[in-house]
Amino acid sequence: MITIYIKKFKNEEEENAKGFSRLIKNIYKFIIDKFNILQIKKITENKKIYLIPNINKTSIYKRILRNIKKEKTKTEKVQIVLEKEIKQYIEFFQGYKIIDGRNIFFNSIEDILNIILKENLLELQDVYILTNYYQEKNINLIRNLASKVKTVNVITKEIQKYKNLESMMEEWGIPIVVSNNKRKSLKKAKIIINLDFSKEELEKYIIYRNAVIINLNLEKITNLKAFDGIVIKDIRDRFRWRRKEIYWWK
């Protein structure tokens, strides 16, 4: 199965033209914009990003469909994730499976953790999950991770409901910890998975300065006070920041 993410071409040119002068960068951007050149980036063997400079020039979608048809010929299975702005042109992709990018991101948590940890073992790590909703999707994520990491710490307002889950997991021999102490709960948290906390809620907590926050909430989390860590906000980020050194275990 190949997953293709179709997005508007924004600041990607900064990565492509890195190391060049401002003049060269501007010329590069001008050419890309003027001729509406489709940019294709390979993330992994089965994941690609298609970047469109001008999403309103509908001729670009014919080019995209030609490329997708080639991908389909190779694998017979293609699924597409459309950026919000591009969903107005969803009719061009009739006959293809359109999926929600957030679901892919949610289901890629274990892969993301392994990339973050590099050679460090997942089963030796404490993971902190932030949620205010007691729902099946969140419970399944907690159960799945709890069997693969040292400890899952659930930070939530729904203390009693998650305490019931804590007791159940304890009976199965899989420990999780449920709390909501704003001063202590995230003070030593190196890996945080934010399911639905807003930025306003997060700022009420003391957070480990160099933590990695995997943000699954639709609201962007930026410029947190006294925070110098990394916020991973979408599927592309997990490949961007892996070049950046993380010094937790040194």
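Heads up, the sequence shown is in the working numbering, so the first residue is 1 and it goes up one at a time.
Glycine is no exception: its CB is placed at the ideal position from the N, C-alpha and C atoms.
Between the alpha carbons of K8 and L224 lies a gap of roughly 27 Å.
Look at K87 here: in three-state DSSP terms it is helix. In the three-state reduction of the DSSP assignment, Q160 falls in the helix class, which pools H, G and I. In its chain, beyond the 5 residues on either side, D126, V127, P175, I176 and V177 have a beta carbon closer than 8 Å to the beta carbon of T151.
With a cut-off of 8 Å on Cβ pairs, the segment 81 to 93 is not in contact with the segment 143 to 158, counting fewer than three such pairs.
For N138, the uninterrupted alpha helix (DSSP H) run begins and ends at E136 to A146, by DSSP. In this structure, the CA atom of I191 is about 11 Å from the CA atom of I232. In the DSSP assignment, Y5 forms a beta bridge with I49 and V81. Taking all protein chains in view, the Cβ of S21 is surrounded by fewer than 16 other Cβ atoms within 10 Å, so the residue is classified as exposed. One alpha carbon belongs to L145, the other to K184, and they sit about 22 Å apart.
One alpha carbon belongs to K148, the other to I52, and they sit about 39 Å apart. DSSP places K25 inside the alpha helix (DSSP H), whose first and last residues are R22 to K34. Annotation for D126: the continuous beta strand (DSSP E) segment containing it runs D126 to L130. The C-alpha of L121 lies about 15 Å from the C-alpha of I109.
Between A211 and A226, the beta carbon gap of about 11 Å keeps them out of contact (Cβ cut-off 8 Å). For K199, the enclosing alpha helix (DSSP H) begins and ends at K199 to L202. The C-alpha of Y61 is placed about 15 Å away from the C-alpha of D33.
The shortest CA-to-CA distance from L195 to any of F35, K47, N46 and E136 is the one to E136.
If the five residues before and after K163 are omitted, its C-beta is found closer than 6 Å to the C-beta atoms of V178, all from its own chain and listed in chain order. Counting along the chain, the unbroken beta strand (DSSP E) around N194 starts and ends at I191 to N194. Going by DSSP, N114 is part of no beta strand (DSSP E) but of the alpha helix (DSSP H) stretching over I109 to L117. Its chain contains E158, L195 and D196 as the residues whose beta carbon lies nearer than 8 Å to that of Y133, once the 5 sequence neighbours on both sides are disregarded; these appear in chain order.
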